[in-house]
Amino acid sequence: MSDQAALLPAPLGIFGGTFDPVHTGHLRLAEEAADQLGLACVRWIPAGQPAHRALANKPPQVAATHRLEMVRLAIAGNARFEVDPAEVEAAHPSYTVPTLERLRLAGECAVQRPLVLLVGADAFAGIPDWHRWEDLFKLAHIAVAHRPGFPVNADSLPPALADIYRQRHSASPAALAQSPAGRIVSFAMTQLDISATQIRSLLSSGRSARYLLPDAVIAYIQSTLLYSPR
Ligand code: ATP
715 MSDQAALLPA
725 PLGIFGGTFD
735 PVHTGHLRLA
745 EEAADQLGLA
755 CVRWIPAGQP
765 AHRALANKPP
775 QVAATHRLEM
785 VRLAIAGNAR
795 FEVDPAEVEA
805 AHPSYTVPTL
815 ERLRLAGECA
825 VQRPLVLLVG
835 ADAFAGIPDW
845 HRWEDLFKLA
855 HIAVAHRPGF
865 PVNADSLPPA
875 LADIYRQRHS
885 ASPAALAQSP
895 AGRIVSFAMT
905 QLDISATQIR
915 SLLSSGRSAR
925 YLLPDAVIAY
935 IQSTLLYSPR
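Below you can see the structure in the form of C-alpha cells.
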C-alpha cells in the first residue's frame, strides 16, 4: 500500500438511478460492490428529474418522492446503505457531475476520500452522453457492474469512452483505495436479468412482480396504487 493510500479514508460508493421502482438487481449490485470493492458504505441517490430521461422524452412513471420512499424501504436495516434525498428535493434536473461536486464541496466527503460511482454496464456505455462527462474522472472512480446483455470491454464502447477505459482501467479493486478518483474497475456481480421496465410492465398488466423486488416495496406499491393497470 502506498503512503497516500494509508492516509485515505475508506472508499464511499455512490449509487444513482431512477429506481422506478428499486429492485433486487439494484440491491445485489450495491451489496456485492460493497463486498468486492471494499466500500465503507453505499450512498443511494435517487434522481429527481433524470436529465437523460427528459432528453429521451421518457420521464419516470412515478413521482420522485415515491421513488425515494421505495429506496428507503428497500435498504432499511442494511447498515452499509444510506440514502441521499438531495436530488429528489432539488428543483432542477439531476446530473451526475454536479452531484459529485456537491458531495465534495459540501465537505460531506473529505476532498481526499475515494468516491466510487457504481453503474451497470448499460449505463456505463452511455456515459459520453452525460453532462460534462469528462470531469467525472476528476471527482470519482467508476465501478462497472456486469449486466446480462451488456459486455464490458473496450471494443464494445463508444470510441471516446473506449480510449479512456483503456487508459484508466485497473484489474484490481485495490486501486480504488489508493487515490480519490480517476480509475475504472469492473466487477462480476450475480447476473440478474431484472429491470424496472420489466416490473412496470408486469404490474401494469396486473401480473405479479413478487421476488423481483422486496416485499416492503411491493406493499408500498399496492397501498399507493402505483404502476396499477390503467
Ligand atoms: P429501467 O428499466 O427503467 O431503464 P433499470 O432497471 O435499468 O431501469 P435504473 O434505475 O435506470 O434501473 O438503474 C440504476 C443503475 O442500476 C444503472 O446504473 C443500471 O445500469 C443499474 N442496474 C439496474 N438493473 C440492473 C441489473 N439487473 N444488473 C446490473 N445493474 C443494474
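Numbering (my numbering), first residue to last: 715 to 944.
Where a beta carbon is used, it is the ideal one built from N, C-alpha and C, also for glycine.
Remember, predicted model here, so these are calculated numbers, not experimental data.
For PRO774, DSSP assigns no beta-bridge partner whatsoever. SER808 is positioned such that its CB atom lies no closer than 7 Å to that of GLY840. Residue state for TRP844 is assigned as coil, using DSSP reduced to three classes. Residue pairing by DSSP places GLU796 opposite ARG757 in a beta bridge. A distance below 7 Å between beta-carbons, with the five flanking residues on each side excluded, links ILE932 to the following residues of its chain, in chain order: ALA923, ARG924. By the criterion of a C-beta distance shorter than 6 Å, LEU814 is surrounded in its chain by LEU853, ALA854, once the five residues flanking it on both sides are discounted. Distances between the C-beta of VAL833 and the heavy atoms of ligand 1 include at least one below 6 Å. If you draw a straight line from the Cα of ALA876 to the Cα of VAL866, it is about 10 Å long. Sixteen is the threshold: since fewer than 16 other Cβ atoms of the shown chains lie within 10 Å of the Cβ of GLU848, the residue is exposed. The C-beta distance from PRO943 to SER893 rounds to 50 Å, too long to meet the 8 Å contact threshold.
Set against 6 Å, the gap from the CB of PHE733 to the closest heavy atom of ligand 1 is smaller.
Remark: the shortest separation between the CB of ILE759 and any heavy atom of ligand 1 does not fall under 6 Å. Proximity to HIS845 across THR810, ASP836, ALA744 peaks at THR810, based on C-alpha coordinates. Under the rule that a run must span 3 or more residues, the beta strand (DSSP E) segments found entirely inside the segment 842-926 read 855-859, 898-901. In the structure shown, LEU829 adopts extended strand secondary structure according to DSSP, grouped into three states.
In the structure shown, the three-state DSSP call for GLY739 is helix.
Per the C-alpha coordinates, the member of ALA857, PRO760, ALA788 positioned closest to LEU926 is ALA788.
In this chain, the beta strand (DSSP E) harbouring LEU726 covers 726-731. Residue burial annotation: ASP734 is buried, with at least 16 other C-beta atoms found within 10 angstroms of its C-beta.
The Cβ atoms of ASP907 and PRO862 sit closer than 7 Å to each other.
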